[in-house]
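Residue numbering for the sequence shown follows the working numbering, starting at 226 and increasing by one per position.
Don't be surprised by glycine CBs; every beta carbon is placed ideally from N, CA and C.
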Amino acid sequence: MTPAIELTNVTKIYRRFGGKQFATLKSALLQRSILRDLSPSETFPALRGVSFQVPPGQTIGVIGRNGSGKSTALKLVAGITKPTSGTVKVQGRISALIELGAGFHPEISGRENVYINGIMLGLSRREIQRRFDEIVEFAELKEFIDEPVKNYSSGMYMRLGFAVAIHVDPDVLLVDEVLAVGDEGFTHKCLDKFGEFKRRNKTILLVTHSLGLVERFCDEALWLDHGEKRAQGDPTRVIGAYMTDVERQEEQFLATTDARHKQEADESATRSEGPVDAGDTAADMTQASEGRWGSGGVEIASVTLMADDGQPTHIFHSGEAMTVALKIRAHRVVNDFVFGIGIFNAEGICVYGTNTDIEEHESDLLSGDAEIRMKIDALELVEGTYKLDVAVHKLDGAPYDYHRLLYTFRIKSRLKDVGIYRPRHRWEFDGAVKFKPLAK
């Protein structure tokens, strides 16, 4: 079976701004290549040797970080740009939902722009006339269709562009992150239209950051990374590999950021022997910036966040265990001490705070080096970024060493529930209650 889309060893190289300049287009053409004589520092490869096929009637989701080459791949398939090397083959009429409304003239009405844009996309005037009412109804612009496009909001503009492109009735539909063109109701209409295309065995190439959409909607996933193909196949498998890689890079970023913040806090720490009022400290909880302070009689030498297997990490999945390990150094014998830990979300809201005094661990003796571990059996938190306060202080609240918001961890989850706390729960249904299976 002939593929609907086929890329073979495709490379696309762009010139960097400020690279070698030609005096005229003629001089560039006479040298036969604008790119050949440029040094690697004057170019960047958007795609490097990428090959993949999309069979007719299949829906492929293209995933990857920003700058990975996803949109470049779609533009090559659409014919908007040409490959530097390699071949791109497409069978059938294409409709590209990439730059919606490209070609719209702001001074003329939406009605006239529908005809102009439809002709640009390959429709005849008669075909546009036959589909005109459906296009306007889909775009929800019946009252404004005779208004100049310059009076449209950005959402109205994009909806009209989407409606025209989706009604071209293509064999191959290219979609690049256009599901944010309207409100939630319009998004559902777009998804319903894509579902209709699937049922009619149209070929769809979808670029999106919505991994849940790829899992539910696509037959396969294609993962691009720094212009190279990393994987293609079952969406769940490919997305799992992609998420593992994302988490690895997030881990590196958070570790580096925390180390820098800790160093800055160490360098700027102001240590005072005077007591700090416990009430004032609590009042500042949601407003205090990151930092470190205290008398220094007892020092928190290091803080390590560990997964259930004992490995240091900054990335956890909702419901997983976490251990906070503190290495303590007492510079003199101390009988009055409390260890405390607080968890805050990214907005500075205290998620949870406790200390050894609250939990009735009465201090007796601390000297030399020690290690304190707080083990959390399950992080029942929704997806998001969280910060830790760690401290060792006296019973009256005067800090020996207080680390404010210097340690970051991130909770990952496939579910997109809201809030902070995720209680363990389950749903039960009796009687005539039925849910539709996940769309596929």
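Sequence-distant residues of the same chain with beta carbon closer than 7 Å to residue i, five excluded per side
| i | result |
| --- | --- |
| residue 236 | 270, 272, 273, 274, 308, 309, 310, 311 |
| residue 480 | 539 |
| residue 620 | 561, 563, 582 |
| residue 475 | 540, 635 |
| residue 231 | 278, 314 |
| residue 422 | 398, 429 |
| residue 289 | 295, 448, 449, 450 |
Reduced DSSP category for residue i - H, G, I as helix; E, B as strand; rest coil
| i | result |
| --- | --- |
| residue 415 | helix |
| residue 227 | coil |
| residue 570 | strand |
| residue 629 | strand |
| residue 524 | strand |
| residue 323 | coil |
| residue 486 | helix |
| residue 474 | helix |
| residue 423 | helix |
| residue 438 | helix |
| residue 533 | coil |
| residue 375 | helix |
| residue 615 | strand |
| residue 644 | coil |
| residue 565 | strand |
| residue 316 | coil |
| residue 304 | coil |
| residue 657 | coil |
| residue 341 | helix |
| residue 188 | Within the shown structure, residues of the chain are numbered from 226 to 665, placing residue 188 beyond reach of any answer. |
| residue 364 | helix |
| residue 333 | coil |
| residue 623 | coil |
| residue 463 | helix |
| residue 505 | Reliability fails at residue 505, whose pLDDT of 42 lies under 50, so the model's placement of it is uncertain and the value that follows must be treated cautiously. In the structure shown, residue 505 sits in a helix (DSSP, three-state: H, G or I). |
| residue 429 | strand |
| residue 358 | helix |
| residue 299 | helix |
| residue 697 | The structure shown does not extend to residue 697, since the chain spans only 226 to 665, so no value can be given for it. |
Nearest-angstrom beta carbon gap, residue j and residue i [assumed within contact, 8 Å]
| i | j | result |
| --- | --- | --- |
| residue 306 | residue 276 | Not quite, the Cβ-Cβ distance comes to about 18 Å (not below 8 Å), so this is no contact. |
| residue 294 | residue 458 | The pair is not a contact, with the Cβ atoms about 18 Å apart (cut-off 8 Å). |
| residue 335 | residue 359 | Going by Cβ atoms, the distance from residue 335 to residue 359 rounds to 14 Å, so no, they are not a contact pair. |
| residue 627 | residue 519 | 5 Å |
| residue 397 | residue 532 | Not quite, the Cβ-Cβ distance comes to about 44 Å (not below 8 Å), so this is no contact. |
| residue 340 | residue 350 | 7 Å |
| residue 381 | residue 369 | 7 Å |
| residue 643 | residue 525 | Their Cβ separation, rounded to whole angstroms, is 34 Å, which puts residue 643 and residue 525 out of contact at 8 Å. |
| residue 333 | residue 343 | Going by Cβ atoms, the distance from residue 333 to residue 343 rounds to 14 Å, so no, they are not a contact pair. |
Test item: CB-CB of residue i and residue j under 8 Å
| i | j | result |
| --- | --- | --- |
| residue 614 | residue 630 | yes |
| residue 523 | residue 591 | yes |
| residue 576 | residue 568 | yes |
| residue 464 | residue 446 | yes |
| residue 286 | residue 433 | yes |
| residue 414 | residue 363 | yes |
| residue 449 | residue 657 | no |
| residue 612 | residue 632 | yes |
| residue 322 | residue 399 | yes |
| residue 546 | residue 529 | no |
| residue 440 | residue 461 | yes |
| residue 395 | residue 318 | yes |
| residue 283 | residue 444 | yes |
| residue 606 | residue 647 | yes |
| residue 412 | residue 316 | no |
Sheet register partners of residue i (DSSP bridge)
| i | result |
| --- | --- |
| residue 283 | Residue 283 is not bridged to any residue. |
| residue 599 | 549 |
| residue 480 | Answer by DSSP bridge pairing: none, since residue 480 is not bridged. |
| residue 516 | 629 |
| residue 637 | 542 |
| residue 232 | 277, 313 |
| residue 695 | No answer is possible for residue 695: the residues shown for the chain start at 226 and end at 665. |
| residue 590 | Answer is none; residue 590 lacks a bridge partner. |
| residue 575 | 569 |
| residue 240 | 268 |
| residue 399 | 321, 430 |
| residue 453 | 450 |
Beta-carbon contacts of residue i that lie in its chain and below 6 Å, excluding the five residues immediately before and after
| i | result |
| --- | --- |
| residue 527 | 552 |
| residue 516 | 490, 629 |
| residue 655 | none |
| residue 595 | 553 |
| residue 599 | 549, 566 |
Residues near residue i by beta carbon distance below 8 Å, same chain, minus five either side
| i | result |
| --- | --- |
| residue 637 | 468, 472, 540, 541, 542, 543, 608 |
| residue 346 | 320, 389, 390, 393 |
| residue 238 | 260, 268, 269, 270, 271, 309 |
| residue 337 | 330 |
Contact test: residue i Cβ vs the ligand SAH heavy atom, cutoff 7 Å
| i | result |
| --- | --- |
| residue 348 | Inclusion of the ligand SAH in the displayed structure is not the case, the ligand content being empty and no account of it being possible. |
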